[in-house]
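Student: Sending over a structure as structure tokens; questions will come in a sec.
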Amino acid sequence: MGSTPTAVGANTASGKTFDELFAEVAEKWQRRAPGSGTVAALDKGVHHLGKKLVEEAAEAWMAAEYEGRERAAEEISQLLYWSQLLMISLGLSLDDVYSHL
């Protein structure tokens, strides 16, 4: 049936946790990192971010349906990234969102 999901907050050798990514993205936004694609995307506003979020959700679904685990994982990681950008654009913290889990 596949591998067991990694526990929330557990880091892998090759990646970041959700919290670590959020801190990195928020820091780029706060310091307005020059040349940052993250800053450029946030500057485009909620409408742009929402469209990207929907796009990535569809791509994650299609990858899961037709392209296998690795592609699904890649697309889901992008979905998480765009979710975080939307959170930051609205001034939401991780705790704001975690309180609804």
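Numbering of the sequence shown is given in our numbering, commencing with residue 724 and proceeding in unit increments.
Where is the CB? At the ideal position from N, CA and C, for every residue including glycine.
These figures come from a predicted structure and were not determined experimentally.
Taking 8 Å as the cut-off, decide whether the C-beta atoms of L765 and L808 are in contact.
Tutor: In the sequence shown, residue 765 corresponds to position 42, counting from 1. In the sequence shown, residue 808 corresponds to position 85, counting from 1. Taking 8 Å as the Cβ cut-off, L765 and L808 qualify as a contacting pair.
Student: Let me check understanding here. Comparing Cα to Cα, which of Y821, Y804, S812 and V820 lies closest to G738?
Tutor: Residue mapping note: residue 738 aligns to position 15 of the sequence shown, counting from 1. The shortest Cα separation from G738 among Y821, Y804, S812 and V820 belongs to Y804.
Student: Got a sec? Which residues, its chain only, sit under 6 Å from M785 by beta carbon, not counting five neighbours each side?
Tutor: Here the question's residue 785 lines up with position 62 in the sequence shown. Within the same chain, M785 has no close Cβ partners at all.
Student: Do the CB positions of K751 and S759 come within less than 8 Å of each other?
Tutor: Here residue 751 refers to the residue found at position 28 when the sequence shown is read from its first residue. Here residue 759 refers to the residue found at position 36 when the sequence shown is read from its first residue. For K751 and S759, yes; Cβs fall inside 8 Å.
Student: Could you spell out the range, first to last residue, of the alpha helix (DSSP H) harbouring V751?
Tutor: Sequence index remark: in the sequence shown, residue 751 carries index 28 (1-based). For the record, residue 751 in the displayed sequence is Lys; it is not Val. Per DSSP, K751 belongs to the alpha helix (DSSP H) from F741 to R754.
Student: What is the rounded straight-line gap between the Cα of P757 and the Cα of L817?
Tutor: Within the sequence shown, numbered from 1, the residue matching residue 757 stands at position 34. Within the sequence shown, numbered from 1, the residue matching residue 817 stands at position 94. Distance between the alpha carbons of P757 and L817 is about 25 Å.
Student: Which residue marks the beginning of the alpha helix (DSSP H) containing E790, and which one marks its end?
Tutor: Within the sequence shown, residue 790 is the residue found at index 67, counting from 1. No alpha helix (DSSP H) contains E790, which DSSP labels as neither H nor E.
Student: Evaluate V769 with the Cβ neighbour count: other Cβ atoms within 10 Å of its Cβ, from every protein chain shown; 16 or more gives buried, anything less gives exposed.
Tutor: Within the sequence shown, residue 769 is the residue found at index 46, counting from 1. When all chains shown are included, V769 counts as exposed.
Student: Just to confirm, are E798 and E782 a CB contact at a threshold of 8 Å?
Tutor: On the sequence shown, position 75 is the one that residue 798 refers to. On the sequence shown, position 59 is the one that residue 782 refers to. Contact flag set, yes.
Student: Taking Cβ to Cβ, would you say L772 is nearer than 8 Å to S812?
Tutor: One-based indexing of the sequence shown puts residue 772 at position 49. One-based indexing of the sequence shown puts residue 812 at position 89. It is a contact, given that the beta carbons lie within the stated cut-off.
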